[in-house]
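Enquirer: Pasting in a structure now, in structure tokens, and then I'll have a few things to ask.
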Amino acid sequence: GAVVSQHPSRVICKSGTSVKIECRSLDFQATTMFWYRQFPKQSLMLMATSNEGSKATYEQGVEKDKFLINHASLTLSTLTVTSAHPEDSSFYICSATQRQVVASNEQFFGPGTRLTVL
Amino acid sequence: AQSVTQPDIHITVSEGASLELRCNYSYGATPYLFWYVQSPGQGLQLLLKYFSGDTLVQGIKGFEAEFKRSQSSFNLRKPSVHWSDAAEYFCAVGTRLNAGNNRKLIWGLGTSLAVNP
């Protein structure tokens, strides 16, 4: 149980284009979804937190117009990198917390999406 | 300031040897502590967590961790390492619930574990 999927697993795009990454909770309803960015050999950096039906809360220094997050349902959140540039190349990871397990707020992670902007 | 320190960037052990990965945290309240493992091509997997109670926590894959409040540590241990344990290990602290009833995770930089046959 508590499986999170991401699609695509890998994407290469040209500079200036937009890329959408999907994050789905497959067997549970996700109260909250988190989006992280991970640089090579580094830790995870939280980008934003999104609750279903609400606007995402972005961490300091993360451009909300650059990284658009939509959490339209309890099982799907999307991250769109708009007008991508090479410096946006990174590993993007989503996680979700289960609606029924609020107290621990354990996060279940997707496998990540490798974005390369040429 | 809230932070998590994993002093060892890279560790190499022989298969069958014991393992200890260090984690120190700085947090102003009772911490919620986690250890995650990240293998290539796979998502982060929770090894174990500490919220309260017994300070020695048992996890999956034969791992355990001990919470020591006096040392602000939550070190991960395994008595006998297997080649399949080679991966990146992350320690994290969960913050208090915020206004949105969410708990953020503050991450260490990770320890890369290599296992020699």
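Chains as they are written, first to last, in our numbering: chain Z, 1 to 118; chain Y, 1001 to 1117.
Where is the CB? At the ideal position from N, CA and C, for every residue including glycine.
Predicted model, so just to flag it, every value in this text is computed and none were measured.
Would L1019 (chain Y) and K1078 (chain Y) be called neighbours here (beta carbons separated by less than 8 Å)?
Expert: Yes, Cβ-Cβ distance for L1019 (chain Y) and K1078 (chain Y) is below 8 Å.
Enquirer: Kindly list, in the order they appear in chain Z, the residues whose Cβ is closer than 7 Å to that of F1067 (chain Y).
Expert: Going along chain Z, no residue has its Cβ under 7 Å from F1067 (chain Y), so there is no contact; the nearest lies around 15 Å.
Enquirer: With respect to the beta strand (DSSP E) encompassing H1082 (chain Y), which residues constitute its N-terminal and C-terminal limits?
Expert: That residue, H1082 (chain Y), is in no beta strand (DSSP E); it is neither H nor E in DSSP.
Enquirer: At the 8 Å Cβ level, is Q1042 (chain Y) part of the contact set with chain Z, yes or no?
Expert: It does; some Cβ of chain Z falls within 8 Å.
Enquirer: Decide if F39 (chain Z) is buried, meaning its Cβ has at least 16 other Cβ atoms within 10 Å, or exposed.
Expert: It is exposed - the Cβ of F39 (chain Z) has fewer than 16 other Cβ atoms within 10 Å.
Enquirer: So F34 (chain Z) and A2 (chain Z) are supposed to be a Cβ contact under 8 Å. How far apart are they, rounded?
Expert: At roughly 14 Å, the Cβ-Cβ gap does not stay under 8 Å, so F34 (chain Z) and A2 (chain Z) are not in contact.
Enquirer: For F1063 (chain Y), I'd like the list of residues in its chain whose CB is within less than 8 Å of its CB, leaving aside the five on either flank, ordered along the chain.
Expert: Cβ within range, chain order: W1035, L1047, L1048, L1076, R1077, K1078.
Enquirer: Can you find a C-beta in chain Z that's less than 8 Å from the C-beta of L1033 (chain Y)?
Expert: Chain Z, which has no Cβ nearer than 8 Å to the Cβ of L1033 (chain Y), makes this no.
Enquirer: When the Cα atoms are used, what is the spatial distance from C13 (chain Z) to F1067 (chain Y)?
Expert: One C-alpha to the other measures close to 45 Å.
Enquirer: Along the region 28 to 50 of chain Z, where does the CB come closer than 7 Å to a CB of chain Y? Name the residues.
Expert: Correct list: T32, Q42, S43, L44, L46, T49.
Enquirer: Hey, is F67 (chain Z)'s beta-carbon within less than 8 Å of any beta-carbon in chain Y?
Expert: So, not an interface residue.
Enquirer: Tell me which residue opens and which closes the beta strand (DSSP E) that T31 (chain Z) is part of.
Expert: Looking at the DSSP string, the run of the beta strand (DSSP E) that includes T31 (chain Z) is 30 to 38.
Enquirer: What residue does the beta strand (DSSP E) around Y1027 (chain Y) start on, and which one ends it?
Expert: First-last for Y1027 (chain Y): undefined, no H or E at that position.
Enquirer: Tell me the residue span of the beta strand (DSSP E) that contains L115 (chain Z).
Expert: Looking at the DSSP string, the run of the beta strand (DSSP E) that includes L115 (chain Z) is 113 to 117.
Enquirer: Could one say the Cβ of Q98 (chain Z) lies closer than 8 Å to chain Y's Cβ atoms, at least one of them?
Expert: Q98 (chain Z) does not count as touching chain Y.
Enquirer: Near S1080 (chain Y), what residues of its chain come up, given a Cβ to Cβ distance below 6 Å and the 5 sequence neighbours on each side ignored?
Expert: Hits under 6 Å: G1016.
Enquirer: I need the straight-line Cα distance from G53 (chain Z) to S73 (chain Z), nearest angstrom please.
Expert: Roughly 7 Å between the two C-alpha positions.
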